[in-house]
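So for the sequence shown, this note's numbering puts the first residue at 54; every next one is plus one. Shown next, in structure tokens, is the structure this report addresses.
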Amino acid sequence: MADTAVAITAGSGTNIDTRTEGTNGNHRQVVVIGDPATNAGVATVTDGAPAASDYGLVVAIHPDSVNANGRAAAASSAPVALSNEDKTALVDDAAFTAGTSNVNVAGFVADESSTDSVDEGDAGAARMTLDRKIIMTPQPHTSGGLSIFRSLDLDETAEDVKTTAGCLYKLRITNRTTSARFVKLYNATAANVTVGTTTPVDTIVVPGGGSADLATVLTENFGGLGLTFGTALSMAATTGLADNDTGAPGANDVVVTAYYK
Numbered sequence: 054m055a056d057t058a059v060a061i062t063a064g065s066g067t068n069i070d071t072r073t074e075g076t077n078g079n080h081r082q083v084v085v086i087g088d089p090a091t092n093a094g095v096a097t098v099t100d101g102a103p104a105a106s107d108y109g110l111v112v113a114i115h116p117d118s119v120n121a122n123g124r125a126a127a128a129s130s131a132p133v134a135l136s137n138e139d140k141t142a143l144v145d146d147a148a149f150t151a152g153t154s155n156v157n158v159a160g161f162v163a164d165e166s167s168t169d170s171v172d173e174g175d176a177g178a179a180r181m182t183l184d185r186k187i188i189m190t191p192q193p194h195t196s197g198g199l200s201i202f203r204s205l206d207l208d209e210t211a212e213d214v215k216t217t218a219g220c221l222y223k224l225r226i227t228n229r230t231t232s233a234r235f236v237k238l239y240n241a242t243a244a245n246v247t248v249g250t251t252t253p254v255d256t257i258v259v260p261g262g263g264s265a266d267l268a269t270v271l272t273e274n275f276g277g278l279g280l281t282f283g284t285a286l287s288m289a290a291t292t293g294l295a296d297n298d299t300g301a302p303g304a305n306d307v308v309v310t311a312y313y314k
């Protein structure tokens with residue numbers, strides 16, 4: 054059956070447009086989107102951007118309907134492009150701008166009973182305890198450790214350990230005499246220290262031993278954070294405790310090794 058029109062009132066000249074459905078030959082009513090105030094025919098469909106004056110139908114989407122584009126497989130999903138201000142991840146080795154670049158809250162895995170591992174080149178979540186403490190295990194490396202200063206004859210003339218700001222983590226001091234010696238630490242370069250005038254930031258008493266062969270070895274640790282020197286680190290040794298003492302130890306009386314950063 055061909056497309057045709059059905060008269061509404063005989064003799065009135067008013068018709069209802071119909072179209073024939075090809076498979077079963079059934080008629081379907083034609084719905085025209087257009088301006089009802091004009092005698093225009095079916096609205097022309099074009100490939101282009103809609104105008105504010107265009108007419109359209111309101112389509113209601115049932116909340117239980119399924120969006121076929123929301124598939125788990127990426128190939129079956131509609132692509133979504135994020136604007137620059139929506140991005141929260143940076144390209145690897147990219148610049149970070151404080152107050153501008155976005156950050157995410159760091160997440161960790163509760164992993165105490167059966168630890169898991171990743172392969173070389175894999176990404177993975179760090180571990181935490183069940184009460185949310187981050188698990189950290191120090192690992193030895195061939196770089197980034199402490200530097201060493203050594204003096205076989207520390208005396209009343211200050212020696213530089215580090216000429217810029219740093220931290221002292223450990224001292225090993227050997228007193229090869231039978232009487233006490235006093236190691237003094239200064240927050241300044243040796244060139245700016247006058248032993249007996251410059252006030253030390255710390256004085257370490259090293260007891261005497263029985264003889265040079267029965268020397269006293271004293272190890273002083275300053276903890277994981279170290280002892281901070283904001284300007285520089287130098288040291289000297291005297292035979293007296295007072296800050297203004299300038300007593301000179303004998304040759305090789307005091308041997309010092311300092312571990313610093």
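From the three backbone atoms N, C-alpha and C, an ideal C-beta is built for every residue, glycine too.
Rounded to whole angstroms, the separation of the alpha carbons of Asp-145 and Ala-241 is 41 Å. Taking one beta carbon from each stretch, the segment 194-212 and the segment 254-271 have fewer than 3 pairs nearer than 8 Å; the two do not touch. Here DSSP, grouped into helix, strand and coil, assigns Leu-267 to helix. Taking C-beta separations shorter than 7 Å and ignoring five residues to either side along the sequence, the partners of Ala-268 in its chain run Thr-227, Asn-228, Arg-229 and Gly-262, following chain order.
Scanning its chain for C-beta atoms nearer than 7 Å, with the 5 sequence neighbours on each side dropped, one finds no residue around Asp-266.
A direct Cα-to-Cα measurement between Asn-79 and Leu-143 gives close to 59 Å. Per the C-alpha coordinates, the member of Gly-174, Ala-163, Gly-152 and His-194 positioned closest to Ile-187 is Ala-163.
Beta-bridge pairing by DSSP links His-80 to Thr-73.
Under the three-state reduction of DSSP output, Ala-163 falls in the strand class. Here Ser-154 is exposed: its Cβ has fewer than 16 other Cβ atoms, across all protein chains shown, within 10 Å.
Note: Arg-234 is bridge-paired with Val-259 in the DSSP secondary-structure output.
DSSP places Ser-204 in the uninterrupted beta strand (DSSP E) bounded by 200-204. Per DSSP, Met-189 lies in no beta strand (DSSP E) segment and is marked neither H nor E. Across the set Thr-284, Gly-279 and Asp-306, the C-alpha of Asp-306 shows the shortest separation from the C-alpha of Thr-291. For Leu-286, the enclosing beta strand (DSSP E) starts and ends at 286-291. Collapsing the DSSP output to three states places Ala-311 in a strand.
Leu-294 has no beta-bridge partner at all, per DSSP.
In the DSSP assignment, Asp-213 is bridged to Ser-287.
For Arg-225, the enclosing beta strand (DSSP E) has its first and last residue at 219-228. Excluding sequence positions up to five before and after Val-254, its CB lies within less than 6 Å of the CB of Leu-238 and Asn-240, all in the same chain and listed in chain order.
Check the Cα spacing between Phe-282 and each of Ala-148, Arg-185, Arg-225 and Cys-220: the tightest is with Cys-220.
DSSP, read as helix, strand or coil, puts Ala-304 in coil.
Shown here, Asn-240 sits in coil according to DSSP, grouped into three states, outside any helix or strand.
In the three-state DSSP reduction, Asn-245 falls in the helix class (H, G or I). Taking C-beta atoms as the reference points, Leu-205 and Val-270 fail to come closer than 8 Å. Taking 8 Å as the cut-off, the Cβ atoms of Leu-294 and Thr-256 count as close.
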